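Student: Chains as they are written, first to last, in this note's numbering: chain Z, 230 to 496; chain E, 230 to 496; chain P, 230 to 496. I have a structure here, written as structure tokens, and I will follow up with some questions on it.
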Amino acid sequence: MTAPVVTFLSDYGYRDEFVGVCHAVIARRCPAARIIDLTHGVARHDVRAGALTLRAALPYTPAGVHLAIVDPGVGGQRRAIAIATREESRFLLGPDNGLLLGAAAAFGGVGEAFDIGASSEALTPVSPTFHGRDIFSPVAAALADGVKLQELGEPIPADGLVVLPDRGAAQAVGRGDPLAARVLSIDGYGNVALNASTACVGAAALTVETAGAHTDVALGRTFADVAVGELLAYVDSRGTLALAVNRGSAAELLALAVDDVVILRFR
Amino acid sequence: MTAPVVTFLSDYGYRDEFVGVCHAVIARRCPAARIIDLTHGVARHDVRAGALTLRAALPYTPAGVHLAIVDPGVGGQRRAIAIATREESRFLLGPDNGLLLGAAAAFGGVGEAFDIGASSEALTPVSPTFHGRDIFSPVAAALADGVKLQELGEPIPADGLVVLPDRGAAQAVGRGDPLAARVLSIDGYGNVALNASTACVGAAALTVETAGAHTDVALGRTFADVAVGELLAYVDSRGTLALAVNRGSAAELLALAVDDVVILRFR
Amino acid sequence: MTAPVVTFLSDYGYRDEFVGVCHAVIARRCPAARIIDLTHGVARHDVRAGALTLRAALPYTPAGVHLAIVDPGVGGQRRAIAIATREESRFLLGPDNGLLLGAAAAFGGVGEAFDIGASSEALTPVSPTFHGRDIFSPVAAALADGVKLQELGEPIPADGLVVLPDRGAAQAVGRGDPLAARVLSIDGYGNVALNASTACVGAAALTVETAGAHTDVALGRTFADVAVGELLAYVDSRGTLALAVNRGSAAELLALAVDDVVILRFR
């Protein structure tokens with residue numbers, strides 16, 4: 230029989246015991262669970278970055294319990310929630326701050342939602358600043374162990390969950406027309422993802438305008454399509470229009486940060 | 230049957246093969262062992278930071294074999310030891326430099342102690358600079374595999390183990406009285422833990438004095454108790470008085486590093 | 230029965246979902262596989278650093294499937310390959326850029342080689358920039374699941390594989406003679422490995438010349454052989470001549486980076 234899977238994503242980082250303690254709590258409550266770390270390197274407190282990363286990863290994971298914690302509001306008014314998706318019956322657990330909903334949408338959206346903040350599975354006393362250890366991990370482990378979601382929290386309306394403000398998707402444009410695109414995320418290589426998934430059909434190149442500088446960029450498939458050190462625009466592995474430098478960092482070359490706006494002109 | 234658990238903490242970091250090689254050595258000697266990484270991001274060579282982190286994590290882990298390596302004296306005079314705790318019969322392995330004793334105290338203290346530096350389980354030749362690979366991991370795996378501790382080393386007196394110098398715990402004080410508190414640790418969010426677990430009963434706020442600057446700080450339960458960017462004092466998830474900035478870094482705001490002293494005045 | 234082992238090394242880093250997604254893909258295709266992360270902190274795009282790290286780690290791992298990805302040429306002309314070693318029948322998977330060959334040599338060299346770029350196990354569509362997810366992980370999982378290598382790709386000549394340019398090994402020299410040694414790698418502690426495995430039999434000390442400065446260095450076994458803050462030359466755990474500072478960073482003290490050349494004179 231296959232072990233139940235718990236995937237785990239957070240902004241806890243790798244310096245402290247936070248991730249390890251959550252693993253330990255899960256292993257105590259459900260020794261059979263297999264934990265797959267998606268990443269714990271999400272930018273601290275950056276709920277949107279965590280949501281994008283979770284959304285990108287989850288379709289590749291086995292169905293199971295999916296724990297995600299980027300939780301600057303821990304211990305305050307925000308609820309701790311568990312969601313069952315409409316498709317595949319996946320369970321998503323985390324703070325009610327929008328972190329989970331993009332990923333849930335990839336599985337038909339939210340079927341049922343529960344407030345698990347007062348679950349009897351929680352460790353006591355609950356630390357007001359470490360719900361990962363005291364609420365989310367034990368409830369995730371109980372789910373992996375076969376406990377019904379209904380026994381782990383109070384049902385809440387799916388349409389009352391907190392949604393991240395929409396950043397909008399840049400519209401398709403004609404050649405030569407300016408397109409204002411926002412930086413969605415920057416990965417560890419310095420590749421820059423933009424909110425413009427398919428921006429101009431049939432274009433072969435574009436101009437990127439940043440802080441007054443204009444840079445010509447080839448449209449390609451992969452990094453090696455341009456010379457070492459050269460800029461490239463391409464559709465990245467998440468399906469998003471992105472900028473890269475072959476064996477370098479586009480974020481550094483263009484001095485871009487998340488949320489910056491660049492003006493694109495396709496040619 | 231539940232797999233034997235080996236927890237693993239170190240200052241090896243994530244850049245080199247050191248952690249992975251130890252996992253590999255354990256997996257070869259005891260394929261059934263489940264390894265739980267507590268963290269490998271302990272500040273390099275910082276035995277005290279490792280000891281605090283291990284002490285914080287271990288009560289949440291299943292009982293088992295607990296490997297901890299922050300070992301600037303590797304290959305020199307310091308002994309390689311294994312400890313059996315009085316309660317729960319946990320096995321703690323690491324250098325004899327004080328790293329293990331705080332955690333052992335959480336389980337009734339040291340029951341038995343052994344010098345494992347010449348264990349027949351060691352890989353040969355033993356590298357003088359990588360006992361994690363050549364001594365600690367194979368001995369940990371042998372323990373997980375059911376070998377008796379007595380067969381893995383020479384008994385040594387528990388009261389001869391190296392103890393970290395006591396930093397002292399700040400005393401409780403009356404309102405308005407100055408309390409000199411030392412920075413124990415700073416986590417990845419920039420939250421600053423002080424050696425003052427319960428410093429003034431009933432106070433609602435305090436003043437923090439650092440390098441001549443005085444800052445008023447609210448006493449709260451969690452980050453969201455103050456506005457974004459504001460300072461907060463709270464009891465952290467380890468039970469320690471700490472300073473935080475809501476969605477920010479207290480260490481940055483106050484320019485604090487480990488071992489710095491701040492003067493607190495409760496109000 | 231022991232679980233099949235998949236080891237995994239990359240330059241994906243810890244910030245993004247890349248490593249987690251590969252774990253997930255492997256877990257879906259071969260739930261029984263046990264994945265051992267060697268490291269994902271290889272310097273971005275640094276094929277040689279990845280090759281050295283893989284070479285150092287693999288002799289300590291159980292025999293199995295060994296996935297290694299440092300792949301700046303992903304999606305371009307470079308092939309995706311799988312190798313069976315002559316000894317121990319290990320399977321090494323990764324880009325055909327020299328990353329795998331040093332490690333293969335530790336097991337008798339390449340027995341058979343296959344181009345797996347068009348394997349039917351690949352996820353579709355294959356992202357041109359994330360073969361780790363779409364080609365290497367599913368093929369590695371299929372191998373772990375017992376599929377024959379011959380069914381996973383097209384045979385290619387072993388002598389046609391891409392080899393990293395030889396950096397040469399510094400020759401043994403007599404005392405007092407200058408030896409130009411190159412920095413092979415620098416670990417997370419700042420220890421500096423040189424391409425001079427056994428440089429002068431019987432010497433007790435040496436002089437290191439960097440950018441005009443001459444530094445006297447003791448030859449020792451381990452860090453604690455010199456005072457805190459002092460330089461030491463020693464044979465590191467990979468068997469390479471290296472420079473270290475006791476509780477400090479030799480790379481910082483000597484301002485050295487990978488590929489720098491230092492002049493050694495043994496005494």
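Glycine is no exception: its CB is placed at the ideal position from the N, C-alpha and C atoms. Treat the numbers as computed from the prediction; the structure is a model and nothing was measured.
So which of VAL376/E, LEU287/E, ASP300/E has the shortest CA-CA distance to VAL391/E?
Tutor: Residue mapping note: residue 391/E aligns to position 162 of the second sequence, counting from 1. It is ASP300/E.
Student: Are ALA342/Z and PRO367/Z touching if we call contact CB-CB under 8 Å?
Tutor: Indexing the first sequence from 1 puts residue 342/Z at position 113. Indexing the first sequence from 1 puts residue 367/Z at position 138. Contact flag unset, no.
Student: Show which residues of chain E have a CB atom less than 9 Å away from the CB atom of THR358/Z.
Tutor: What you label residue 358/Z is simply residue 129 of the first sequence in a count that begins at 1. Per Cβ cutoff of 9 Å: ASN420, ARG450, THR451, PHE452, TYR463, VAL464, ASP465, SER466, ALA471, ALA473.
Student: What does the alpha-carbon distance come out to for the pair ALA471/E and LEU321/E?
Tutor: Reading the second sequence from its first residue, position 242 is the one you call residue 471/E. Reading the second sequence from its first residue, position 92 is the one you call residue 321/E. Each residue's alpha carbon lies about 28 Å from the other.
Student: Could you tell me which chain Z residues have their CB closer than 9 Å to the CB of THR290/E, listed as they occur along the chain?
Tutor: If you number the second sequence from 1, residue 290/E lands on position 61. Here the neighbours are GLY249, VAL250, HIS252, ALA253, VAL254, ALA256, ARG257.
Student: What does ARG476/E reach in chain Z if we use C-beta pairs closer than 7 Å?
Tutor: Counting from 1 along the second sequence, the entry for residue 476/E is found at position 247. Near ARG476/E (Cβ distances below 7 Å), the residues of chain Z are HIS274, PRO301.
Student: Can you tell me the Cα-Cα spacing of ALA256/P and VAL276/Z, whole angstroms?
Tutor: Your numbering for residue 256/P matches position 27 in the third sequence. Your numbering for residue 276/Z matches position 47 in the first sequence. C-alpha separation (whole angstroms): 27 Å.
Student: Quick one, are the C-beta atoms of ALA309/P and PRO324/P less than 8 Å apart?
Tutor: If you number the third sequence from 1, residue 309/P lands on position 80. If you number the third sequence from 1, residue 324/P lands on position 95. Taking 8 Å as the Cβ cut-off, ALA309/P and PRO324/P qualify as a contacting pair.
Student: DSSP puts PRO384/Z in a beta bridge; with which residues?
Tutor: Stepping through the first sequence from its first residue, residue 384/Z is reached at position 155. Answer by DSSP bridge pairing, in chain order: PHE343/Z.
Student: Just to confirm before moving on: does the CB-CB distance between GLY293/P and VAL235/P stay below 8 Å?
Tutor: In the third sequence, residue 293/P corresponds to position 64, counting from 1. In the third sequence, residue 235/P corresponds to position 6, counting from 1. In contact: GLY293/P and VAL235/P (Cβ atoms closer than 8 Å).
Student: Flag this pair as yes or no: are the beta carbons of ASP488/P and VAL412/P separated by less than 8 Å?
Tutor: Residue 488/P sits at position 259 when you count from the first residue of the third sequence. Residue 412/P sits at position 183 when you count from the first residue of the third sequence. Yes, these two residues count as a Cβ contact at 8 Å.
Student: Between ARG404/P and VAL303/P, what straight-line distance do the alpha-carbon atoms span, to the nearest angstrom?
Tutor: Stepping through the third sequence from its first residue, residue 404/P is reached at position 175. Stepping through the third sequence from its first residue, residue 303/P is reached at position 74. Their backbone Cα atoms lie some 47 Å apart in a straight line.
Student: Quick test of the definition: if touching needs 3 or more C-beta pairs under 8 Å, does the segment 439-450 of chain Z touch the segment 259-268 of chain P?
Tutor: No, the segment 439-450 of chain Z does not touch the segment 259-268 of chain P.
Student: Let me check one thing: in DSSP terms, what residues is ALA309/Z bridge-paired to?
Tutor: For the purposes of this step, residue 309/Z is identified with residue 80 of the first sequence, where counting begins at 1. Paired residues: PRO324/Z.
Student: What residues in its chain sit with their C-beta under 7 Å from that of ARG396/E, if we drop five residues either side in the sequence?
Tutor: For the purposes of this step, residue 396/E is taken as the residue at position 167 of the second sequence. Once the five neighbours on either side are set aside, the close Cβ partners of ARG396/E are ARG411, ASN424.
Student: Determine the contact status of VAL254/E and ALA433/E, defining contact as a CB-CB distance below 8 Å.
Tutor: Here residue 254/E corresponds to residue number 25 of the second sequence, with the count starting at 1. Here residue 433/E corresponds to residue number 204 of the second sequence, with the count starting at 1. No, Cβ-Cβ distance for VAL254/E and ALA433/E is not below 8 Å.
Student: Do you know how far the Cα of GLU380/Z is from the Cα of ALA261/Z?
Tutor: Along the first sequence, read from residue 1 onward, the residue named residue 261/Z stands at position 32. Along the first sequence, read from residue 1 onward, the residue named residue 380/Z stands at position 151. Taking the straight line joining both Cα atoms gives about 20 Å.
Student: Output the distance between the C-alpha atoms of ALA297/P and PHE365/P, rounded to the nearest integer angstrom.
Tutor: By one-based count along the third sequence, residue 297/P stands at place 68. By one-based count along the third sequence, residue 365/P stands at place 136. The straight-line gap from Cα to Cα measures roughly 9 Å.
Student: Measuring CB to CB, does ASP240/Z end up less than 8 Å from HIS295/Z?
Tutor: Counted from its first residue, the first sequence places residue 240/Z at position 11. Counted from its first residue, the first sequence places residue 295/Z at position 66. No. Outside cutoff.
Student: In this structure, how does DSSP classify GLU481/Z when only helix, strand and coil are distinguished?
Tutor: As a working note, residue 481/Z is residue 252 in the first sequence. Of the three classes helix, strand and coil, the one that applies to GLU481/Z here is helix, per DSSP.
Student: Looking at the secondary structure, which residues open and close the beta strand (DSSP E) in which ARG277/E lies?
Tutor: As a first step, residue 277/E is located in the second sequence; it is residue number 48 there, counting from the start. That residue, ARG277/E, is in no beta strand (DSSP E); its alpha helix (DSSP H) goes 276-286.
Student: Using only the alpha-carbon positions, how far apart do LEU483/E and GLY417/P sit?
Tutor: Along the second sequence, one-based indexing puts residue 483/E at 254. Along the third sequence, one-based indexing puts residue 417/P at 188. So the two alpha carbons sit approximately 28 Å from each other.
Student: For HIS443/P, report the span of its beta strand (DSSP E) as first-last.
Tutor: Position 214 of the third sequence, counted from the first residue, corresponds to residue 443/P. 442-448 is the span of the beta strand (DSSP E), which, as asked, contains HIS443/P.
Student: So TYR289/E and TYR243/Z are in contact, right, with Cβ under 8 Å, and what is the actual spacing, rounded?
Tutor: For this step, residue 289/E is matched to residue 60 along the second sequence. For this step, residue 243/Z is matched to residue 14 along the first sequence. The pair is not a contact, with the Cβ atoms about 18 Å apart (cut-off 8 Å).
Student: Kindly identify the DSSP beta-bridge partner or partners of VAL464/E.
Tutor: Along the second sequence, one-based indexing puts residue 464/E at 235. In the DSSP output, where bridge partners are listed per residue, VAL464/E has LEU470/E.
Student: Flag GLU246/Z as yes if its beta-carbon sits less than 8 Å from any beta-carbon of chain E, otherwise no.
Tutor: For the purposes of this step, residue 246/Z is taken as residue 17 along the first sequence, with counting starting at 1. Yes, GLU246/Z lies at the interface with chain E (some Cβ there is under 8 Å from its Cβ).
Student: For chain E, find out if any of its Cβ atoms is closer than 8 Å to the Cβ of ALA285/P; answer yes or no.
Tutor: For the purposes of this step, residue 285/P is taken as residue 56 along the third sequence, with counting starting at 1. ALA285/P counts as touching chain E.
Student: By DSSP, does PRO357/P sit in helix, in strand, or in coil?
Tutor: Locating residue 357/P in the third sequence gives position 128, where the first residue counts as 1. The answer is coil: DSSP assigns PRO357/P none of H, G, I, E or B.
Student: Output the distance between the C-alpha atoms of VAL250/Z and ASP363/Z, rounded to the nearest integer angstrom.
Tutor: Position 21 of the first sequence, counting from 1, holds the residue named residue 250/Z. Position 134 of the first sequence, counting from 1, holds the residue named residue 363/Z. Distance between the alpha carbons of VAL250/Z and ASP363/Z: 10 Å.
Student: Please compile the residues from chain A whose C-beta is within a distance smaller than 9 Å of the C-beta of LEU267/Z.
Tutor: The chain inventory of the structure shown lacks chain A, comprising the protein chains Z, E and P.
Student: Just checking my contact of ASP454/E with LEU460/E at CB under 8 Å: how many whole Å lie between their CB atoms?
Tutor: The residue labelled residue 454/E in the question sits at position 225 within the second sequence. The residue labelled residue 460/E in the question sits at position 231 within the second sequence. Not really, about 11 Å apart at Cβ, beyond 8 Å.
Student: Ends of the alpha helix (DSSP H) at PRO367/Z?
Tutor: Position 138 of the first sequence, counted from the start, is the residue given in the question as residue 367/Z. Segment 366-373, the alpha helix (DSSP H) holding PRO367/Z.
Student: In whole angstroms, give me the CA-to-CA distance for SER478/P and LEU493/P.
Tutor: Counting from 1 along the third sequence, the entry for residue 478/P is found at position 249. Counting from 1 along the third sequence, the entry for residue 493/P is found at position 264. Taking the straight line from one Cα to the other gives about 19 Å.
Student: If you measure between the beta carbons of VAL474/Z and GLY449/Z, is that distance less than 8 Å?
Tutor: Locating residue 474/Z in the first sequence gives position 245, counting from the first residue. Locating residue 449/Z in the first sequence gives position 220, counting from the first residue. Not closer than 8 Å, so no.
Student: Just reading off the alpha helix (DSSP H) that HIS252/Z is part of, what are its end residues?
Tutor: Taking the first sequence and counting its residues from 1, one reaches residue 252/Z at position 23. HIS252/Z -> alpha helix (DSSP H) spans 247-258.
Student: Going by DSSP, name the residue or residues bridged to HIS295/Z.
Tutor: On the first sequence, residue 295/Z is found 66 positions in, with the first residue counted as 1. In the DSSP output, where bridge partners are listed per residue, HIS295/Z has THR236/Z, LEU321/Z.
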